[in-house]
Amino acid sequence: MSSTPDILCIGSVLWDVIGRSASHMRQGSDVPGRITRLPGGVAMNIAMTLTRFGLTPGLLSAVGQDPNGHELVDACERLGCITEYLYRSEDLPTDMYMAVEGANGLIAAIADAHSLEQSGARILAPLIDGPLGSAENPWTGPVALDGNLTLGLLEEIVRLPAFAAADLRIAPASPGKAERLTPFLRAGRGVLYVNLEEAGLLCMQSIDNSSDAASALVARGASRALVTDGGKPASDATSEGVISECPPEVLVTRVTGAGDTFMAAHIAAELRGADRASALHEALAAAATYVSGDVTS
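For the sequence shown, UniProt numbering assigns the number 1 to the initial residue and increments by one for each residue that follows.
Quick look at the structure:
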């Protein structure tokens with residue numbers, strides 16, 4: 001499909017292989033459940049949610065020329081995403097993510113995003129000197145960026161003229177990659193979307209609630225920070241202050257992708273003109289609906 005994107009989603013686009021069981025699990029558990037393979041990755045999860053709000057996202061990522069890659073691109077297009085700007089490597093395999101979830105939440109996960117990391121700045125070519133923008137005529141729309149990119153590439157993005165006019169929205173991808181967002185703290189660029197654990201890692205301290213965590217991120221240099229904390233209140237902080245709201249109470253049937261859904265719904269709400277409080281409310285409602293299983297992946 002070919003059209004102008006409403007938003008660019010930059011980062012991991014891969015296959016999610018998720019095993020889910022209704023049983024409480026621990027290390028070594030062997031239980032019945034369901035195993036699914038769906039398009040995933042942080043950038044793709046955000047993009048899929050954006051399409052549900054009527055937006056057309058363009059994907060910038062690395063996808064192999066292997067059978068998994070061809071299937072993935074076809075699936076992304078069927079879901080309403082623009083794939084023509086993807087870097088299609090002939091040498092690198094399509095990335096994958098594998099997770100196991102039980103009734104007590106995420107048990108374990110492995111993200112194999114090596115091809116994305118090895119592709120480096122090649123995934124940004126359409127934006128740096130191509131059909132989406134250049135240093136002289138930079139992209140001026142929203143960009144959803146994820147921390148599966150290497151620290152070096154994220155540091156480069158902060159400095160690149162091609163990103164100077166973009167509305168940057170950034171997620172760390174996982175607690176293990178939270179510190180990759182440090183360049184955006186130092187530069188005071190973008191809106192950070194993190195959970196409480198990730199906020200604590202970025203602030204290098206243990207923090208008990210989302211309001212304090214969001215405020216601490218702004219104190220450390222973030223221009224704006226949204227912090228979630230599962231079923232506890234989420235917060236949105238800027239230099240003007242903090243707002244918080246508790247998410248709706250729902251029965252949790254899945255957790256993988258919940259943070260990406262929150263971020264996408266928040267972006268979509270603000271693109272429609274919602275104020276801070278309304279956008280936070282809509283994002284929490286969308287995430288609650290997702291974890292309850294009422295929206296298909």
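Note that the Cβ used here is the ideal one computed from N, Cα and C, for glycine as well. Note that this is a predicted model, so its numbers are computed, not measured.
{"Item": "Give the list of continuous beta strand (DSSP E) stretches no shorter than 3 residues that lie fully inside the segment 57-140.", "Value": "57-60, 62-64, 87-89, 96-102, 105-112"}
{"Item": "Would you kindly work out how many angstroms separate the C-alpha atoms of Gly102 and Met25, rounded to a whole number?", "Value": "6 Å"}
{"Item": "Locate the alpha helix (DSSP H) running through Glu156, then write down its first and last residues.", "Value": "151-159"}
{"Item": "With the cut-off set at 8 Å, would you say Ala165 and Pro138 are in Cβ contact?", "Value": "yes"}
{"Item": "Just curious, the beta strand (DSSP E) that Asn195 is in, first and last residue?", "Value": "191-195"}
{"Item": "So what does DSSP say about Glu179, is it helix, strand or coil?", "Value": "helix"}
{"Item": "Do you know offhand how far Ala274's Cα is from Cys9's?", "Value": "21 Å"}
{"Item": "For Asp4, count neighbouring Cβ atoms within 10 angstroms of its own Cβ and tell me buried if that reaches 16, exposed if not.", "Value": "Residue identity differs from the one stated: residue 4 is Thr in this sequence, not Asp. Exposed is the call here."}
{"Item": "Give the secondary structure of Val42 by DSSP, where H, G and I count as helix, E and B as strand, and everything else as coil.", "Value": "helix"}
{"Item": "What number of angstroms, rounded off, separates the C-alpha of Met1 from the C-alpha of Leu72?", "Value": "Because Met1 sits at a pLDDT of 46, beneath the cut-off of 50, its placement in the model cannot be relied upon, and the point is left open."}
{"Item": "Leaving aside the five residues before and after Thr140 along the sequence, list all residues of the same chain whose C-beta is less than 6 Å from its C-beta, in chain order.", "Value": "Ala165"}
{"Item": "State yes or no: is the C-beta of Ala265 within less than 8 Å of the C-beta of Ala283?", "Value": "yes"}
{"Item": "When you compare only the Cα positions, how much space is there between Gly105 and Val252?", "Value": "8 Å"}
{"Item": "Name the DSSP beta bridge partners of Val242, please?", "Value": "Ala237"}
{"Item": "Report all residues from its chain with a CB closer than 6 Å to the CB of Val250; omit the five preceding and five following residues, and keep chain order.", "Value": "Ala288, Ser292"}
{"Item": "Please check the pair Leu181 and Leu196, which I expect to be a contact at CB under 8 Å, by giving their CB distance rounded to whole angstroms.", "Value": "Contact doesn't hold; Cβ gap of about 15 Å is too wide."}
{"Item": "Check whether the segment 26-40 touches the segment 232-248, taking contact to mean three or more Cβ pairs, one atom from each stretch, closer than 8 Å.", "Value": "no"}
{"Item": "Quick check on DSSP: helix, strand or coil for Val31?", "Value": "coil"}
{"Item": "Within 10 angstroms of its Cβ, does Met204 collect 16 or more other Cβ (buried), or is it exposed?", "Value": "exposed"}
{"Item": "Start and end of the beta strand (DSSP E) containing Ile10?", "Value": "7-10"}
{"Item": "Name the DSSP beta bridge partners of Gly19, please?", "Value": "Ile35, Val100"}
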